[in-house]
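Undergrad: Before I ask anything, let me first share the structure, which is written out below as structure tokens.
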Amino acid sequence: MDWGKVTYIFFSLMSLTTTAGFLYEPNEIALFVAAGVNIISTVLKLGVRNLLAAELLASSLVADLHLIPAFMVLTFTNDLPLAISLAIGAVVANVFSIALALIESAKSQDKEEF
7 MDWGKVTYIF FSLMSLTTTA GFLYEPNEIA LFVAAGVNII STVLKLGVRN LLAAELLASS
67 LVADLHLIPA FMVLTFTNDL PLAISLAIGA VVANVFSIAL ALIESAKSQD KEEF
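With our numbering applied, the sequence shown closes on residue 120, and no number is skipped along the way.
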């Protein structure tokens, strides 16, 4: 088992679920946790060397660039609808990232069979 892959997929899923948690219960702490986990996920994807590494990193950066401004908007302007809309964008980017990771896993399993 590739523990590096397990770790970065774990943090990708955690990023998605913590962002979804913010959408369920919107508050600054939930959004801060979601942004923090997503940043960790992004850092872990920096070391990934596979076929879709660039796409994985790009999707994680998109989620970062939604969650960080969402946290700032919620903290400084208390504009909850704008923060939620940015978090929805992060969820879309994280779902795309998970889909890419699944495709990459399927491709790597195909290579191992031959």
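Glycine included, each C-beta is placed from N, C-alpha and C at the ideal position.
(1) Ordered along the chain, which non-local residues of its own chain (more than five positions away) have a Cβ less than 7 angstroms from that of alanine 107?
(2) Below 6 angstroms CB to CB, which residues in the same chain sit around methionine 20 once its five sequence neighbours on both sides are set aside?
(3) Taking the alpha-carbon positions, what's the leucine 88 to leucine 80 distance?
(4) Provide the residue span of the alpha helix (DSSP H) that contains asparagine 84, from first to last.
(5) Mapping the DSSP letters down to three states, classify glutamate 31 as helix, strand or coil.
(6) Is the CB-CB distance between leucine 73 and leucine 37 below 8 angstroms?
(7) Compare the beta carbon distance of leucine 58 and isoleucine 109 with 8 angstroms and say whether it is the shorter of the two.
(8) Look at the alpha carbon of serine 47 and the alpha carbon of isoleucine 35, and state the distance between them as a whole number of angstroms.
TA: A quick look at the data gives this:
(1) Ile15, Ser18 and Leu62
(2) Val43
(3) 8 angstroms
(4) If you look at asparagine 84, you'll find it isn't in any alpha helix (DSSP H); DSSP assigns it neither H nor E.
(5) The three-state secondary structure of glutamate 31, taken from DSSP, is coil.
(6) Yes. Within cutoff.
(7) yes
(8) 18 angstroms
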